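Peer 1:
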Amino acid sequence: MSDATIGAAPQAAAGDITNVVVGALGQMLSRDPASISTQLRLFEDLSFDSTSVLELLIQLEAELDVEFDTDTLEPTDFETVGALVAYVAGQVEENA
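Number 90 in the UniProt record's numbering belongs to position 90 of the sequence shown; there are no gaps in the numbering.
Encoded structure:
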């Protein structure tokens, strides 16, 4: 196995997680996932509230077969779609 192959694995996994998060957001918002960028803000741009975030986290836990550690959640994890993807990727990696 080459170094390039090894280096590509985390990026592919991150891309997969991005797709899962964006897909879940699209489903929750009845919106085309292609219209959801990682720069969008969950609360300001997507009109999320605390209940919506909880529903999203539950859906992501089910889809990714992971349990998020709520003690590690920070408000910054929900600033943008990209921040949420980074948090979810970190949790998936810790639970791997």
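All C-beta atoms in this analysis are idealised placements derived from N, C-alpha and C, irrespective of residue type, glycine included. Owing to the predicted nature of the structure, the values given are computational and were not obtained by experimental measurement.
For the UniProt domain "Carrier" (15-92), which segments carrying the alpha helix (DSSP H) assignment without a break, of at least 4 residues, lie completely within its bounds, in sequence order?
Peer 2: Counting only runs of 4 or more, we get 50-64.
Peer 1: Can you tell which of G90, T76 and E93 has the C-alpha that lies nearest to the C-alpha of R41?
Peer 2: Checking every option, the nearest Cα to that of R41 belongs to T76.
Peer 1: What do you get for A62, buried or exposed, if any count of 16 or more other CB atoms within 10 angstroms of its CB means buried?
Peer 2: Exposed, because fewer than 16 other Cβ atoms sit within 10 Å of the Cβ of A62.
Peer 1: Quick test of your reading: L29 and L46, contact by CB under 8 Å. State the CB separation rounded to the nearest angstrom.
Peer 2: Contact holds; Cβ gap of about 6 Å.
Peer 1: Quick one: residues in its chain with C-beta nearer than 7 Å to the C-beta of V85, no 5 flanking neighbours on either side, listed in chain order?
Peer 2: Excluding residues within five positions, the ones whose Cβ falls inside 7 Å are I17, T18, V21 and T38.
Peer 1: Assign A24 to buried or exposed, taking buried as 16 or more other Cβ atoms, counted over all protein chains shown, within 10 Å of its Cβ.
Peer 2: The residue is buried, with at least 16 neighbouring Cβ atoms inside 10 Å.
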